[in-house]
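What follows is a set of notes on a single structure, which appears directly below.
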Amino acid sequence: MFISHKYKVIFVHIQRTGGSSIHRAFQKCDPDLVETLPVHSAAKRTKHSFITDIKHTVEHDIFQNYLKFCVVRNPFDRMVSWYHMVIGKKGDDQAMFKIRDKNKRLNIFFKGIKFLNNANLPLKKNLLNYWTQLFLLIEKSDNKFAIQAAKSGTDTALELKKKSKNFKEFIFSTQNPEDVFFKKFRLNQLDYISDKTHILVDKILRFENLNAEFNNLGKKIAFEGALSQINKSADRKSYESYYDDRTKKMILKRFKKDFEHFGYHF
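Letter 171 of the sequence shown, counting from 1, is numbered 171 in UniProt numbering, and no numbers are missing.
Shown next, in the form of structure tokens:
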């Protein structure tokens with residue numbers, strides 16, 4: 001996400017929709033771009049913040065008067081793009097899931113998990129359990145994400161890559177509703193831009209026609225920049241070729257809200 005006071009816009013960045021290209025375009029034209037939400041107990045301060053998180057943290061007048069926009073993409077194509085991002089993930093000593101939460105304690109917790117997972121120590125499982133319980137005691141909460149991290153590791157993409165020898169396994173591995181570690185792969189795009197009853201953005205751009213629609217938006221806000229190359233996975237076949245009947249039905253069910261609201265189809 002970002003907020004531009006210069007152009008009076010708020011951008012909700014949904015994963016795998018060309019948002020990084022939009023972000024870079026605004027960074028070049030607005031040196032005072034706001035890219036992090038202020039601390040707020042009701043909001044998660046991430047690159048892909050929900051519109052409801054933004055609403056809780058910015059001033060009321062700004063939220064009401066700035067143009068709020070996002071980009072959406074056909075869920076079938078979006079999942080193929082996400083698959084290529086995951087399998088292209090490189091694992092190294094610096095690789096770590098980056099959590100930008102309301103405090104830094106979760107990052108410290110993950111660093112401890114990473115160290116213990118990589119260390120050759122006796123009673124490793126016990127140490128992982130003690131470290132997790134200590135964190136939960138400090139947080140005074142039952143953080144399912146933290147517990148899952150203790151079991152799986154700290155990098156969601158790398159863990160998913162291990163489980164995904166092919167596209168079908170990628171879809172199956174992200175299907176379990178009890179698996180909070182991979183929750184983001186099950187969220188509808190509609191979840192990012194609405195509360196329980198209303199869509200809270202003013203303009204929804206389509207990835208499939210992004211350059212033209214972004215240019216039209218730029219004219220409306222007097223934006224002098226342009227989009228750079230949109231992130232695309234190399235050597236991509238058409239998304240239809242990745243699916244069989246079973247995975248097609250799974251995606252139709254998983255992203256039912258997106259298909260119904262945005263009118264996408266296979």
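Even for Gly, the Cβ is constructed at its ideal location relative to N, Cα and C.
Query raised in the report: When the Cα atoms are used, what is the spatial distance from residue 4 to residue 192?
Result: In the sequence shown, the residue the question calls residue 4 occupies position 4. In the sequence shown, the residue the question calls residue 192 occupies position 192. Counting only the Cα atoms, residue 192 lies some 19 Å from residue 4.
Query raised in the report: Touching or not, the stretch 235-247 and the stretch 55-71, by the rule of three or more beta carbon pairs under 8 Å?
Result: Because the criterion of three Cβ pairs below 8 Å is not met, the stretch 235-247 and the stretch 55-71 do not touch.
Query raised in the report: Nearest chain B C-beta to residue 49 closer than 7 Å, yes or no?
Result: You won't find chain B in this structure, because it holds only one protein chain.
Query raised in the report: Between residue 250 and residue 170, what straight-line distance do the alpha-carbon atoms span, to the nearest angstrom?
Result: Along the sequence shown, one-based indexing puts residue 250 at 250. Along the sequence shown, one-based indexing puts residue 170 at 170. Going from the Cα of residue 250 to the Cα of residue 170 covers about 12 Å.
Query raised in the report: How big is the Cα-Cα spacing for residue 218 and residue 35?
Result: Start at 1 with the first residue of the sequence shown, and residue 218 comes out as number 218. Start at 1 with the first residue of the sequence shown, and residue 35 comes out as number 35. Whole-angstrom Cα-Cα distance: 19 Å.
Query raised in the report: Buried or exposed: residue 88, going by 16 or more other Cβ atoms within 10 Å of its Cβ?
Result: As a first step, residue 88 must be located in the sequence shown, where it is residue number 88. Classification of residue 88: exposed, given that the 10 Å Cβ count is below 16.
Query raised in the report: Quick one: what's got a C-beta closer than 6 Å to residue 167's C-beta in the same chain, skipping five residues either side?
Result: As a working mapping, residue 167 is identified with position 167 in the sequence shown. Counting only Cβ-Cβ distances below 6 Å, and skipping sequence neighbours, we find 83 and 242.
Query raised in the report: Just how far apart, CA to CA, sit residue 22 and residue 210?
Result: Translated into positions along the sequence shown, residue 22 becomes position 22. Translated into positions along the sequence shown, residue 210 becomes position 210. For residue 22 and residue 210, the distance between alpha carbons rounds to 10 Å.
Query raised in the report: According to the neighbour-count rule (16 or more other Cβ atoms, all chains shown, within 10 Å of its Cβ), is residue 263 buried or exposed?
Result: Here residue 263 refers to the residue found at position 263 when the sequence shown is read from its first residue. Counting Cβ neighbours within 10 Å, residue 263 comes out exposed, since fewer than 16 surround it.
Query raised in the report: Just to confirm, are residue 189 and residue 10 a CB contact at a threshold of 7 Å?
Result: As a working note, residue 189 is residue 189 in the sequence shown. As a working note, residue 10 is residue 10 in the sequence shown. Going by C-beta atoms, residue 189 is not nearer than 7 Å to residue 10.
Query raised in the report: Can you tell which of 115, 119 and 109 has the C-alpha that lies nearest to the C-alpha of residue 134?
Result: Walking along the sequence shown from the start, residue 134 turns up at place 134. Taking only the C-alpha atoms, the option nearest residue 134 is 109.
**Report entry** Separation of residue 65 from residue 266, as counted between CA atoms
**Finding:** Numbered from 1 along the sequence shown, position 266 holds the residue referred to as residue 266. Numbered from 1 along the sequence shown, position 65 holds the residue referred to as residue 65. Residue 266 and residue 65 have their alpha carbons spaced roughly 37 Å apart.
Query - For residue 103, the three-state DSSP class (helix, strand or coil) - result: In the sequence shown, counting from the first residue as 1, residue 103 sits at position 103. Residue placement at residue 103 cannot be trusted, given a pLDDT of 48 that sits under 50; what the coordinates show is reported in the next sentence. If DSSP states are grouped into helix, strand and coil, residue 103 belongs with coil.
Query raised in the report: In terms of residue numbering, what span does the alpha helix (DSSP H) encompassing residue 228 cover?
Result: In the sequence shown, counting from the first residue as 1, residue 228 sits at position 228. Where residue 228 is concerned, there is no enclosing alpha helix (DSSP H), given that its DSSP letter is neither H nor E.
Requested in this report: Quick one: residues in its chain with C-beta nearer than 8 Å to the C-beta of residue 131, no 5 flanking neighbours on either side, listed in chain order?
Outcome: Residue 131 sits at position 131 when you count from the first residue of the sequence shown. So the qualifying residues of the chain are 109, 112, 113, 116 and 150.
Query raised in the report: Which of the three DSSP states, helix, strand or coil, is assigned to residue 206?
Result: The residue labelled residue 206 in the question sits at position 206 within the sequence shown. Three-state DSSP puts residue 206 in a strand.
Report task. Have a look at the DSSP bridge pairing and note the partners of residue 194. Result -> Here residue 194 refers to the residue found at position 194 when the sequence shown is read from its first residue. Answer is 199.
Requested in this report: Could you check if residue 59 is buried or exposed, using at least 16 other CB atoms within 10 Å of its CB as the buried criterion?
Outcome: In the sequence shown, the residue the question calls residue 59 occupies position 59. The residue in question, residue 59, is exposed, as its Cβ has fewer than 16 Cβ neighbours within 10 Å.
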